[in-house]
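Engineer:
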Amino acid sequence: MITLWTKVRVILFGLGLMGLAFLVGQRAFQLQVREAAQLREWAENNYLREIEIAPRRGRILDRKGHELATTADLDSVYCNPRQLAHGPDGSGKLAKALHMDIRELDKSLAGKKEQYFAWVKRRVTLDESKAVAALELPGVGLRKEPRRYYPSGALAATVVGYAGLDGRGLEGVELGFEKALHGTGMEFVGVHDRLGRDLLVDGAIDSSSSAGKDLVLSLDRYLTFETERILAETVQKHNAKAGMSVMLDPRTGEILAMASVPTYNPNDPADAAKRGARNRAISDTFEPGSTLKTFTFAAALDAGKVKPEDRIDCQMGQLVVGKFHIRDDHPKGVLSAAEVLKYSSNIGTVKIARRIGKEALWSALDRFGFGRPTYLGLPGERRGILRPVSRWGEIEFATHAFGQGMTVTPVQLAAGFAAIADLGMYHPPRVALHYLGVGGRQEAVERPEEAPSDRRVMSASAARTLLAIMQGVTEDGTAKLAAIPGYPVAGKTGTAQKVTNGRYDPSKYLASFVGIVPADAPRLVIAVMIDEPQGVHYGGLVAAPAFKAIAETALRYLGVAPTASVVAKGKPASKPEAKSAEPEADSPGVDEPAAVVAGDEGAADDGALAVEDEAQGEGGAGGHGLVVLPDFTGMGMGEAIRAARKVGVDLIPTGSGLAATQTPKPGAVPAGSPCRVSFQRRGG
């Protein structure tokens, strides 16, 4: 018989079950419906991960396809600190294999013992990678990581720049063209295990479509190598602070070489900033000094206000402008306009500038690109200073005529001379030629809308006249040491005092020379600037010889034949005849009421020219006859270059390591001949 209490208990139990079922159902509804999306996300976060595949960074190539920067896959060592900590002396063996201090390794892993993943050493050498693999330590593994590599070491380093460990460009071309070189990257969903290692879920991922583009530069590796070598020797010879040089093709504006000293190795750029290594050709500005007189003459000739034969009274080197005194170091009386540039007279240049007026002079300087960037696409480029003409008084007008009161960069100055060389056509300088896309297809490098374009800056007839006048500078003017037997050279020297604490410092100079060769059919414009040479500081004595050495090497390499008209005159190919003449020097500039505030330029006398040629020795550049070409096999690049220079041939290196093959073979060859040598690393 069922009692009342039994019924009550059954009812209560039933109600309890119903309540429990309701709660379970409510919780299930909450988990399966209301919070389903959030719970799914939490679950996926435990085993799914948005994995980014870094694209392969594009290469940087010279104009002939030689690699200046590439990417290599290197092993990085990682470990599971939990497993490594419990292994038998695992950290000790690992430290030895990686050439690490055991104390440093233990210290770096001390705070990661509860983690499942930690880097030990990234981007190790091949020997270190093999040593770690041979240990077969539990919890230790290798993973491939890309590293930027510069096969030519310091060659063109200040232009190319470098990338960081994360593959991002930090300097130079690497930074300026970062977006195209780096690529777009890819993201996909993958799973990872309890050690944090990424596992693909959908098979192999094709990242080629997102890879960075290869960038082809206008630089020529060999011309850059020779320019850097000669520039470094010049800086060392004169105990200078720094040096810079730019080589342009005036027909296109393409930069064939851009060098700065000091430089650095981009594979290990840690000390670059400390050494002052940077692309000084675009980042350093200076008063151009007498090189700027070239553009004063360009403006006057283009306006038809002066002719080469016009007589100019240089007033024996003294001219008063208000309370200022403009002077010439070597006073002259009446000179022709051509002689004013040849002997670099400040007085004569000011008088020629007055014929056109300050507005016309400013307009000419603006047309030639001064006071505005060239938009090479490289970081750190400065625009220089060209003050508005409204701020020019009479003394500012006079000093601008001979290169004071304004600043320029070496690449601006070279581009201006290139416009004269191409008979008045200005081509914006450029260092990036094109990209190489998928399948090697060439793609244009975009330039900003504000970047300059090709334009005429003076008439062709005026440019021809100016080139003829500029040849006098190297024939018997201020730059006789820039003369190249067999090739007419047009150019201009400069020796500008530097400003310290707002005043011109009589102990600090920047010596410069910009030359055009061959002057009758220009192929090259080469600018050389030596910063703070000690002792002799004149552009004609310091920078002009460096120009000559660079130009001779480049002309032979490019196969530019000597000018027929020069050869027909029967001029000797080595030592020019020395004349007994008084040394010419460009004028120091302006006297303030209390101090000299400007110094310009000095020239080589003929005695110095003769001594310079004696020092070249036999079999050097420009020599004729046969020389014996040595066997370079097994030599390092530096040793081979010295051996080639000793016998008077031009070495054209490819690759790196030790010399393996050469063309032509050892034996008798004409002096000055090029020899192509292939260098290979051991085992390669």
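Numbering follows numbering that gives the first Met the number 0, in which position 680 of the sequence shown is assigned residue number 679; successive positions increment by one, without gaps. Glycine included, C-beta positions come from ideal geometry on N, C-alpha and C.
If distances are taken between C-alpha atoms only, which option among LEU169, MET469 and PRO330 comes closest to ALA269?
Structural biologist: Reading the sequence shown from its first residue, position 270 is the one you call residue 269. Answer by Cα proximity: LEU169.
Engineer: If you reduce the DSSP assignment to three classes, tell me which class GLU380 lands in.
Structural biologist: In the sequence shown, the residue the question calls residue 380 occupies position 381. Residue state, collapsed to three classes: coil.
Engineer: Mind checking LEU125: buried by the 16 CB within 10 Å criterion, or exposed?
Structural biologist: Your numbering for residue 125 matches position 126 in the sequence shown. Exposed, by the Cβ-count rule.
Engineer: Check this for me: beta carbons of VAL131 and TYR77, under 8 Å apart or not?
Structural biologist: Stepping through the sequence shown from its first residue, residue 131 is reached at position 132. Stepping through the sequence shown from its first residue, residue 77 is reached at position 78. Contact: no.
Engineer: Under a three-way DSSP split, which group does ILE483 fall into?
Structural biologist: Position 484 of the sequence shown, counting from 1, holds the residue named residue 483. If DSSP states are grouped into helix, strand and coil, ILE483 belongs with the strands.
Engineer: On the three-state DSSP scale, how would you describe TYR556?
Structural biologist: As a working mapping, residue 556 is identified with position 557 in the sequence shown. Of the three classes helix, strand and coil, the one that applies to TYR556 here is helix, per DSSP.
Engineer: Between ALA256 and LEU222, is the Cβ-Cβ spacing less than 8 Å?
Structural biologist: Taking the sequence shown and counting its residues from 1, the one referred to as residue 256 is at position 257. Taking the sequence shown and counting its residues from 1, the one referred to as residue 222 is at position 223. Their beta carbons are under 8 Å apart, which means ALA256 touches LEU222 by this criterion.
Engineer: Given a threshold of 16 other Cβ atoms within 10 Å of its Cβ, counted over all protein chains shown, does LYS331 qualify as buried or as exposed?
Structural biologist: Locating residue 331 in the sequence shown gives position 332, counting from the first residue. Its Cβ being crowded by 16 or more others within 10 Å, LYS331 is buried.
Engineer: By DSSP, does ALA667 sit in helix, in strand, or in coil?
Structural biologist: As a working note, residue 667 is residue 668 in the sequence shown. Strand, per DSSP.
Engineer: Short of 8 Å in beta carbon distance, which residues of its chain neighbour ILE1, apart from the five on each side in sequence? Order them along the chain.
Structural biologist: Reading the sequence shown from its first residue, position 2 is the one you call residue 1. Excluding residues within five positions, none has a Cβ falling inside 8 Å.
Engineer: Which residues in the same chain have their Cβ closer than 6 Å to the Cβ of ASP630, if we skip the five residues on either side of it in sequence?
Structural biologist: Walking along the sequence shown from the start, residue 630 turns up at place 631. Counting only Cβ-Cβ distances below 6 Å, and skipping sequence neighbours, we find PRO665.
Engineer: With a threshold of 16 other CB atoms inside 10 Å of the CB of PHE12, please say whether the residue is buried or exposed.
Structural biologist: Reading the sequence shown from its first residue, position 13 is the one you call residue 12. Result: exposed.
Engineer: Counting only the same chain and skipping the five closest in sequence on each side, list residues whose C-beta sits under 7 Å from that of ASP590.
Structural biologist: For the purposes of this step, residue 590 is identified with residue 591 of the sequence shown, where counting begins at 1. Interpretation of ASP590 is limited by its pLDDT of 46, a score under 50 that renders its predicted location unreliable; the figure taken from the coordinates is listed afterwards. If we look at ASP590 and ignore the five residues flanking it on each side, its Cβ neighbours are PHE323, HIS324 and ARG326.
Engineer: Sort out for me which residues DSSP pairs TYR425 with in a bridge.
Structural biologist: Here the question's residue 425 lines up with position 426 in the sequence shown. ARG454, per the DSSP bridge assignment.
Engineer: Measuring CA to CA, which of ILE468, ARG55 and TYR342 is closest to THR183?
Structural biologist: Against the sequence shown, residue 183 aligns to sequence position 184. Among ILE468, ARG55 and TYR342, the Cα nearest to that of THR183 is on ARG55.
Engineer: Run through DSSP, which three-state label would ALA153 get?
Structural biologist: Counted from its first residue, the sequence shown places residue 153 at position 154. Of the three classes helix, strand and coil, the one that applies to ALA153 here is coil, per DSSP.
Engineer: Quick check on the DSSP output: the alpha helix (DSSP H) that includes VAL410 runs from which residue to which?
Structural biologist: As a position in the sequence shown, residue 410 is number 411, starting the count at 1. 409-420 is the span of the alpha helix (DSSP H), which, as asked, contains VAL410.
Engineer: Which parts of the region 506-562 are runs of the alpha helix (DSSP H), unbroken and 4 residues or longer, counting only runs that do not cross its ends?
Structural biologist: As far as the region 506-562 is concerned, its whole alpha helix (DSSP H) runs of at least 4 residues are 538-557.
Engineer: Just checking, does the region 399-409 make contact with the region 430-450 on the three C-beta pairs under 8 Å criterion?
Structural biologist: Short answer: they don't touch.
Engineer: Which same chain residues end up closer than 8 Å to GLU393 when comparing Cβ atoms and leaving out the 5 residues on each side of it in sequence?
Structural biologist: Sequence index remark: in the sequence shown, residue 393 carries index 394 (1-based). Hits under 8 Å: VAL320 and GLY321.
Engineer: According to DSSP, is ARG494 helix, strand or coil?
Structural biologist: Reading the sequence shown from its first residue, position 495 is the one you call residue 494. According to the sequence shown, residue 494 is Thr rather than Arg. Three-state result, THR494: strand.
Engineer: For ASP72, which option in GLU144, MET424, HIS181 and ALA397 has the closest C-alpha, if you only look at C-alpha atoms?
Structural biologist: By 1-based counting over the sequence shown, the position of residue 72 is 73. Of GLU144, MET424, HIS181 and ALA397, the residue nearest in Cα terms is GLU144.
Engineer: Given a cut-off of 8 Å, decide if LEU216 and ASP61 are closer than it, judged by their beta-carbon atoms.
Structural biologist: Counting from 1 along the sequence shown, the entry for residue 61 is found at position 62. Counting from 1 along the sequence shown, the entry for residue 216 is found at position 217. A contact, by the Cβ cut-off of 8 Å.
Engineer: Leaving out the 5 sequence neighbours to the left and right, which residues in its chain are closer than 6 Å to ARG689 when beta-carbon positions are compared?
Structural biologist: Since the first residue shown for the chain is 0 and the last is 683, residue 689 is missing from the structure and cannot be characterised.
Engineer: Assign TRP4 to buried or exposed, taking buried as 16 or more other Cβ atoms, counted over all protein chains shown, within 10 Å of its Cβ.
Structural biologist: Taking the first residue of the sequence shown as 1, we reach residue 4 at position 5. It counts as exposed.
Engineer: Secondary structure at SER107, three-state DSSP: helix, strand or coil?
Structural biologist: Counting from 1 along the sequence shown, the entry for residue 107 is found at position 108. Of the three classes helix, strand and coil, the one that applies to SER107 here is helix, per DSSP.
Engineer: Tell me whether PHE21 is buried or exposed, calling it buried when 16 or more other Cβ atoms sit within 10 Å of its Cβ.
Structural biologist: Counted from its first residue, the sequence shown places residue 21 at position 22. Label assigned to PHE21: exposed.
Engineer: Cutting at 8 Å between CB atoms, please list the residues of its own chain near SER282, excluding the five before and the five after it.
Structural biologist: Position 283 of the sequence shown holds residue 282. Correct list, in chain order: GLY379, GLU380, ARG381 and THR408.
Engineer: Contact check, PHE296 vs LEU340 under 8 Å by CB: the rounded distance?
Structural biologist: As a first step, residue 296 is located in the sequence shown; it is residue number 297 there, counting from the start. As a first step, residue 340 is located in the sequence shown; it is residue number 341 there, counting from the start. So it is a contact: roughly 6 Å between Cβ atoms.
Engineer: Note down, in chain order, each residue of its chain lying with its Cβ closer than 6 Å to the Cβ of VAL9, except the 5 sequence neighbours on either side.
Structural biologist: By 1-based counting over the sequence shown, the position of residue 9 is 10. Hits under 6 Å: none found.
Engineer: At a cut of 8 Å, does the region 640-647 reach the region 539-549 through at least three beta carbon pairs?
Structural biologist: Output reads no: the region 539-549 does not touch the region 640-647.
Engineer: Using the Cα positions of GLY654 and ARG250, report the straight-line distance between them to the nearest angstrom.
Structural biologist: Residue mapping note: residue 654 aligns to position 655 of the sequence shown, counting from 1. Residue mapping note: residue 250 aligns to position 251 of the sequence shown, counting from 1. Near 30 Å, if we compare the C-alpha coordinates of ARG250 and GLY654.
Engineer: Please state whether the Cβ-Cβ distance between VAL444 and ALA431 is less than 8 Å.
Structural biologist: Sequence index remark: in the sequence shown, residue 444 carries index 445 (1-based). Sequence index remark: in the sequence shown, residue 431 carries index 432 (1-based). Yes, the Cβ-Cβ distance between VAL444 and ALA431 is below 8 Å.
Engineer: I need the DSSP call for HIS399, collapsed to helix, strand or coil.
Structural biologist: To locate residue 399, count along the sequence shown from 1; it is residue 400. Three-state result, HIS399: helix.
Engineer: Kindly identify the DSSP beta-bridge partner or partners of SER75.
Structural biologist: Here residue 75 refers to the residue found at position 76 of the sequence shown. Looking at the DSSP assignment, SER75 forms a beta bridge with ARG142.
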